[in-house]
Amino acid sequence: MTALVARIRAGREAIGVRWRQAPRWTRWTVIAAIIAFFYALPNKEFYQYLGPIPTTGSNFGQVLFTISIYVLLAVGLNIVVGYAGLLDLGYFGFFAVGAYTVAVLTSPASDLKTQWPWLMALPVALVVAMISGVLLGMPTLRLRGDYLAIVTLGFAEMIRLAATSSEFLKGQRGFNQIPHPPGRYADGRPVFGVLDPRPYYWLVLTLIILVLIAVRNLSNSRVGRAWVAIREDEDAAQLMGVPTFKFKLWAFAAGAVIGGLAGALFAGKQNFVNSQNFELLNSIIILAAVIFGGSGNLVGAIVGGGLVAYLIERFRGVELFGWELYEFRFMFFGAVLIIMMIFRPQGLIPNRRRAAEFADRRREVTVGQ
Amino acid sequence: MDINGLFSNFGELTTTGLTQGAIYALVALGYTLVYGVLRLINFAHSEVFITGAFFAVWTWQFVWGLNQDSTAGGLVAVAYLVSAMLVAAVASAVVASAVEVVAYRPLRKRNAPPLAFLITAIGASIVLSEAYAILTRRRPTGMPTLVSTEPLFHIGGVPISAADLLIVSAALVMMIVLDIFINRSRIGRGIRAVAQDANTAALMGINKDRIILLVFLTGGLMAGIAGVLFNVRIGVLTYSVGFLMGIKAFTAAVLGGIGNLRGALLGGLLLGVTENYASGLFGTNWKDFTAFAVLVVLLMFRPTGLLGESLRGVRA
Numbered sequence: 001m002t003a004l005v006a007r008i009r010a011g012r013e014a015i016g017v018r019w020r021q022a023p024r025w026t027r028w029t030v031i032a033a034i035i036a037f038f039y040a041l042p043n044k045e046f047y048q049y050l051g052p053i054p055t056t057g058s059n060f061g062q063v064l065f066t067i068s069i070y071v072l073l074a075v076g077l078n079i080v081v082g083y084a085g086l087l088d089l090g091y092f093g094f095f096a097v098g099a100y101t102v103a104v105l106t107s108p109a110s111d112l113k114t115q116w117p118w119l120m121a122l123p124v125a126l127v128v129a130m131i132s133g134v135l136l137g138m139p140t141l142r143l144r145g146d147y148l149a150i151v152t153l154g155f156a157e158m159i160r161l162a163a164t165s166s167e168f169l170k171g172q173r174g175f176n177q178i179p180h181p182p183g184r185y186a187d188g189r190p191v192f193g194v195l196d197p198r199p200y201y202w203l204v205l206t207l208i209i210l211v212l213i214a215v216r217n218l219s220n221s222r223v224g225r226a227w228v229a230i231r232e233d234e235d236a237a238q239l240m241g242v243p244t245f246k247f248k249l250w251a252f253a254a255g256a257v258i259g260g261l262a263g264a265l266f267a268g269k270q271n272f273v274n275s276q277n278f279e280l281l282n283s284i285i286i287l288a289a290v291i292f293g294g295s296g297n298l299v300g301a302i303v304g305g306g307l308v309a310y311l312i313e314r315f316r317g318v319e320l321f322g323w324e325l326y327e328f329r330f331m332f333f334g335a336v337l338i339i340m341m342i343f344r345p346q347g348l349i350p351n352r353r354r355a356a357e358f359a360d361r362r363r364e365v366t367v368g369q
Numbered sequence: 370m371d372i373n374g375l376f377s378n379f380g381e382l383t384t385t386g387l388t389q390g391a392i393y394a395l396v397a398l399g400y401t402l403v404y405g406v407l408r409l410i411n412f413a414h415s416e417v418f419i420t421g422a423f424f425a426v427w428t429w430q431f432v433w434g435l436n437q438d439s440t441a442g443g444l445v446a447v448a449y450l451v452s453a454m455l456v457a458a459v460a461s462a463v464v465a466s467a468v469e470v471v472a473y474r475p476l477r478k479r480n481a482p483p484l485a486f487l488i489t490a491i492g493a494s495i496v497l498s499e500a501y502a503i504l505t506r507r508r509p510t511g512m513p514t515l516v517s518t519e520p521l522f523h524i525g526g527v528p529i530s531a532a533d534l535l536i537v538s539a540a541l542v543m544m545i546v547l548d549i550f551i552n553r554s555r556i557g558r559g560i561r562a563v564a565q566d567a568n569t570a571a572l573m574g575i576n577k578d579r580i581i582l583l584v585f586l587t588g589g590l591m592a593g594i595a596g597v598l599f600n601v602r603i604g605v606l607t608y609s610v611g612f613l614m615g616i617k618a619f620t621a622a623v624l625g626g627i628g629n630l631r632g633a634l635l636g637g638l639l640l641g642v643t644e645n646y647a648s649g650l651f652g653t654n655w656k657d658f659t660a661f662a663v664l665v666v667l668l669m670f671r672p673t674g675l676l677g678e679s680l681r682g683v684r685a
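For the record, the sequence lines run as chains D and C.
Residue numbers for the first sequence, in the working numbering: 1 to 369.
Residue numbers for the second sequence, in the working numbering: 370 to 685.
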């Protein structure tokens, strides 16, 4: 058994080494192939050959859209949790901010009566999400560790409760008739319609690729190095002259923009937003996704977000011993959190540095334990 | 803003606040005990609480054959209540210890970073609450009326019910017993020693793991009783009530000074009264919002709470 585990581990490491040593053109080809695969995925002509992968309980294009939104959120939360090491339990709040900003500006049900088109509301949503990230971060980021986690959770719940109770945000009645993104085919049909979820998926996929490029560059820059320093030891980072507060705020703002983007896309697709869309469990599912995939690693966050969202949808309509698996989805992810934290805290595809941090701590076991 | 609403119902809001606060205080003890010893927010404690509430209902339903229309009075009601409290306390204590053994102990053995504990705690919390969700098919469970919530007598025009009396006195008795247990007993001394300095305590021959287990157990007992009292007050139980109760009890614990037993009582009562005044002032919709606002403001500006945080401060 252990021999098998060792062989698998060696094999995985060999893949990693090979990948890093491969010539640039090989890597680009592989990446291009992967991207092409995901663009082709929602077409029935393509996915019907993929065996049991497409979901049975719901439209596969729709499922892919949901997955892509989760991936986007996981990439955003990965900045906050994975890079900067700030446990944010209210991340879904920024998704809500993005979705509500679009809703308030565009929906005819809104009190503002502006009825902007979706594309005009999008940048405003991003800016509002960013500002809310900074506003949330300014008072809270002085706190550390678990208190920060609880305060972010408290803020997200306050947003939700305010949305439920306040007249302006319409509570459970919500906003309807939120416009779709613009664009028409040559024959005059809208690209982003009600029936076909694929264009939305392609839109999110494209945006994910852009966001990934941005996040990757950011994490390889001075900002990214500051985040890692803060994650590893905040006091040491401060002593070395890293303005920790500023960079933590940066992490919050960057995460918030991505969350807001996901919310705006969701609102544009769904065309209806109410306060029930933003339960706390969603924040926790995205956290589970990031940790499951490997926090601090972009590929890990993508795989985690994709896998978690896919599993939730895959459970739908599947029965085992007379129970619908979909009922067990949250329980399953709760268990995943526990098991991962105990046995593989660095996640499926770990960030090498972070894995080393965990291994280090494990060696420093103290007296009496 | 409805200042008239606040003042015309001032007495009633106060009694409601105090009874709710007493329940918050009992649950808050669990957070405070665990935090005092491990510096860990036991996020799963809210589910330890609903474990008690559910086992109480199930005792009434399946052992005594009661349903939501049954009523009882006198000694029979007392028997129902006491049996439910016993079952609930044991069930909650077992679940609390199970959480420690399954979710926290392995992490301590591996010297995991503090946030890892919070994440497994959230995991444990979800697993438990979803287990109850699935068992009850996400529907609310009704229960018999054992203690009347109708006014028993009036003090200065403020109605007081038997349920109010029971809840506040039961909570007070539990708190006093716990206080004596921690301050006077041998095991209590062990708990305080581990809270002061776990490693030194271990060197002095205290079995640390056993003390920690005991702390979870004690917190569980209190939460189980709180679950029964919650049932008496509310009369309907849904799997999702744990989350809000957990947050509020945690707020109460921080308000009084987390790690401080008497602080938990003070914080619980204060929070209960505050949120009820706020609901009188702004409308019931904003009651939970107030609790969250108190939590956030508190953590940002006075995280040590009113009485200061310490289980160690209580000297031997």
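We put the CB at the ideal spot given by N, CA and C, even for glycine.
A residue is called buried when at least 16 other Cβ atoms come within 10 angstroms of its Cβ; D/P42 meets this threshold and is buried. Using a Cβ-Cβ cut-off of 7 Å, C/P483 is close to G145 and D146 of chain D, given in chain order. With a cutoff of 8 Å on beta-carbon distance, D/N351 and D/N297 are scored as near each other.
Of all residues in the segment 147-172 of chain D, those with a C-beta nearer than 7 Å to a C-beta of chain C are Y147, A149, I150, V151, G154, F155, E157, M158, L161, A162 and S165, reading in chain order. Contact of D/G334 with chain C by beta-carbon distance below 9 Å involves I491, G492, A493, S494, I495, V496, L497, S498 and E499. In this structure, D/D88 lies near D/T152, with their beta-carbon atoms less than 8 Å apart. Using a Cβ distance threshold of 8 Å, C/K656 and C/L640 do not count as a contacting pair.
Distance between D/I284 and C/V527, taken at the CA atoms: about 43 Å. The way I'd put it, the segment 515-525 of chain C doesn't touch the segment 623-636 of chain C; fewer than three beta-carbon pairs between them come closer than 8 Å. In the DSSP secondary-structure assignment, C/P528 is bridged to C/H523. For D/Q62, the uninterrupted alpha helix (DSSP H) segment begins and ends at F60 to L77. For D/V124, the enclosing alpha helix (DSSP H) stretches over residues W118 to T140. In this structure, D/G154 lies away from C/I495, with their beta-carbon atoms at least 8 Å apart.
Cβ-Cβ separation between D/L337 and C/I488: approximately 6 Å, consistent with a contact (criterion under 8 Å). Residue burial is scored here from C-beta neighbours: D/F37 has fewer than 16 other C-beta atoms within 10 angstroms and is therefore classed as exposed. Below the 7 Å Cβ cutoff, chain D contributes Y147 as neighbours of C/P672, in chain order. With a beta-carbon spacing of about 17 Å, D/A264 and D/N176 fall beyond the 8 Å limit used to define contacts. For C/N568, the enclosing alpha helix (DSSP H) begins and ends at A567 to L572. For D/E324, the secondary structure class from DSSP, reduced to helix, strand or coil, is strand. When Cβ pairs closer than 8 Å are counted between the two stretches, the segment 566-573 of chain C is seen not to touch the segment 372-382 of chain C, the count staying below three.
The Cβ neighbour count for C/Y404, taken over all protein chains shown within 10 Å, is at least 16; the residue is labelled buried. Listed along the chain, the chain C residues whose CB falls inside 8 Å of the CB of D/L337 are I488, T489, I491, G492 and I495.
By the 16-neighbour rule on beta-carbons within 10 angstroms, D/R329 is buried. The Cβ atoms of D/P182 and D/L119 lie closer than 8 Å to each other. DSSP places C/L515 in the coil class of the three-state scheme, outside both helix and strand. Contact between the segment 388-397 of chain C and the segment 597-617 of chain C is established, with three or more Cβ pairs separated by less than 8 Å. Secondary structure at C/L606: strand, using DSSP grouped into helix, strand and coil. Going by C-alpha positions, D/L195 is about 16 Å away from D/A267. Contact annotation, D/V75 with D/A301: C-beta distance approximately 5 Å; criterion of less than 8 Å satisfied. Distance from the CA atom of D/L122 to the CA atom of D/L261, rounded to whole angstroms, is 8 Å. Under the criterion of beta carbons closer than 8 Å, C/A493 and C/A465 do not qualify as touching, at roughly 10 Å. With fewer than 16 other Cβ atoms inside 10 Å of its own Cβ, C/P509 counts as exposed. Between the alpha carbons of C/E499 and C/V584 lies a distance of about 25 Å. Distance from the Cα of D/F252 is smallest, within the candidate group D/F192, D/P117, D/Y83 and D/R362, for D/Y83. As for any alpha helix (DSSP H) of minimum length 4 sitting wholly inside the segment 324-356 of chain D, the runs are 329-343, ordered along the chain. Close CB contacts of D/R198 within its chain, under the 6 Å cut and outside five residues either way in sequence, are with P42 and G61 (chain order).
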